[in-house]
Amino acid sequence: QSILKTTLIGSDIQYYTELESTNNTAREIALGALEGTVVLAETQKNGRGRMGSEWQSVPGGLWLSLILKPSIPLESLSKITLVAGIAVTNALRAVDVDAHIKWPNDVLVRGRKICGILTEVSAEIGKVDYVVLGIGINVNVKLSDLNEDIRRNSTSVSNEIGKPLDRTSFLASLLYELEQQYIRFKTRQFAEIVDEWINLSDTIGRNVRVRTPAMLIEGKAVGITEKGALVVLDKNDKKHKIIAGNCRYAD
Ligand code: BTN
Numbered sequence: 004q005s006i007l008k009t010t011l012i013g014s015d016i017q018y019y020t021e022l023e024s025t026n027n028t029a030r031e032i033a034l035g036a037l038e039g040t041v042v043l044a045e046t047q048k049n050g051r052g053r054m055g056s057e058w059q060s061v062p063g064g065l066w067l068s069l070i071l072k073p074s075i076p077l078e079s080l081s082k083i084t085l086v087a088g089i090a091v092t093n094a095l096r097a098v099d100v101d102a103h104i105k106w107p108n109d110v111l112v113r114g115r116k117i118c119g120i121l122t123e124v125s126a127e128i129g130k131v132d133y134v135v136l137g138i139g140i141n142v143n144v145k146l147s148d149l150n151e152d153i154r155r156n157s158t159s160v161s162n163e164i165g166k167p168l169d170r171t172s173f174l175a176s177l178l179y180e181l182e183q184q185y186i187r188f189k190t191r192q193f194a195e196i197v198d199e200w201i202n203l204s205d206t207i208g209r210n211v212r213v214r215t216p217a218m219l220i221e222g223k224a225v226g227i228t229e230k231g232a233l234v235v236l237d238k239n240d241k242k243h244k245i246i247a248g249n250c251r252y253a254d
């Protein structure tokens, strides 16, 4: 009867034709919601991206937010973000889309963005109450529906494989990947996750320009720490460990 192969992720799926933002709705219901609840909308009127940017959420995409309730300290949050990037990338590769993660968690195909992830958290005294993992994937998005400046750096699954993809079965496989990665995150060493992340990413070894609220760091991305921070070596061989920021490839 069900195409879902998960027990936790997707334990409750709330479907809307239109929302302001699935992250907003997920945050409103999070405290009383089951862990693994998914909020899904066909379109968003006010989809939000990282660092206050707009996220264009036109028909054909997969716009969803996942409510998680891990008992972790706030400082482990960036690890969950890396875990989500792995899950999306695996789900895309399973449908023959050559996806790579750009730190921290953009998913790119041929250098163009196909997915963005917005992690939001509610925490008290440094302990996480809930995490809302917002995932936007351009599945059957027509690039002509996007604003010109967004279109230039974007792609979609249908654009890559030349035909529309069945979104229901893709969603089922994405939720399965998310569950596998989340279980691993809770039960295994983080080093294992870092290894897989590095394998799926094209950031390590690249020259990058990372903007944090405090500064701009330029140098070569050389690794990920046990806390999930990006390590950048600048031209004076000084090591920077960056827990959150906006990354651009410099070459
Ligand atoms: C980014 O790359 O800037 C993050 C984009 C995140 C978009 C998703 S779509 C579902 C969820 N709801 C939102 O308002 N944003 C996220």
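If you count the sequence shown from 1, you need to add 3 to reach the numbering used here. We put the CB at the ideal spot given by N, CA and C, even for glycine. Only a predicted model underlies this, so the values are computations on that prediction, with no experimental measurement involved.
CA nearest to the CA of residue i, picked from the options
i: G119; options: D205, D101 and W66; result: W66
i: N202; options: L174, E151, D101 and S60; result: D101
i: Q183; options: I83, R30 and S5; result: I83
i: I186; options: K105, N249, S5 and A87; result: A87
i: D99; options: I246, I164, P216 and A33; result: I164
i: C250; options: N108, D240 and V134; result: N108
i: K43; options: G13, G52, D148 and D169; result: At residue 43 the sequence reads Leu, which differs from the Lys that was named. Ranking the options by Cα distance to L43, first place goes to G13.
i: L71; options: K241, T92, T40 and I16; result: T40
i: Y18; options: T28, N162 and T9; result: T28
i: L34; options: V131, D198 and D240; result: V131
i: W58; options: T9, I153, A194 and S79; result: I153
i: T92; options: K166, P216 and W200; result: W200
i: R53; options: K242, H243 and P216; result: P216
Supposed contact pair residue j and residue i - C-beta distance, whole angstroms, cut 8 Å
i: P76; j: G129; result: 6 Å
i: L69; j: L146; result: Actually they are not in contact, since the Cβ atoms of L69 and L146 sit about 26 Å apart, beyond 8 Å.
i: N143; j: G63; result: 4 Å
i: K116; j: N156; result: 6 Å
i: L168; j: V160; result: 5 Å
i: I207; j: I245; result: 13 Å between Cβ atoms; not a contact.
i: Q47; j: S56; result: About 13 Å separates the two Cβ atoms, so there is no contact after all.
i: S24; j: H103; result: Contact doesn't hold; Cβ gap of about 26 Å is too wide.
Beta carbon of residue i nearer than 8 Å to that of residue j
i: V112; j: T158; result: yes
i: T228; j: V235; result: no
i: A90; j: L177; result: yes
i: S81; j: G231; result: yes
i: R212; j: A253; result: yes
i: R30; j: E180; result: no
i: V110; j: L95; result: yes
i: L85; j: I196; result: yes
i: A224; j: R209; result: yes
i: E21; j: E45; result: yes
i: D237; j: G222; result: yes
Any non-hydrogen atom of the ligand NAD closer than 7 Å to residue i Cβ
i: I220; result: Because the ligand NAD does not appear in the structure shown, any question about it cannot be addressed here, the ligands present being the ligand BTN.
Exposed unless 16 or more other CB atoms sit within 10 angstroms - verdict on residue i
i: K105; result: buried
i: Y133; result: buried
i: G139; result: buried
i: N239; result: exposed
Bridge partners - residue i, DSSP secondary structure assignment
i: S68; result: V42 and G137
i: T122; result: L136
i: P76; result: K130
i: S157; result: K116
i: A36; result: DSSP, once it has assigned bridges, lists no residue as partnering A36.
i: R187; result: Answer by DSSP bridge pairing: none, since R187 is not bridged.
i: N210; result: K223
i: L181; result: Note: L181 sits in no beta bridge, so no partner.
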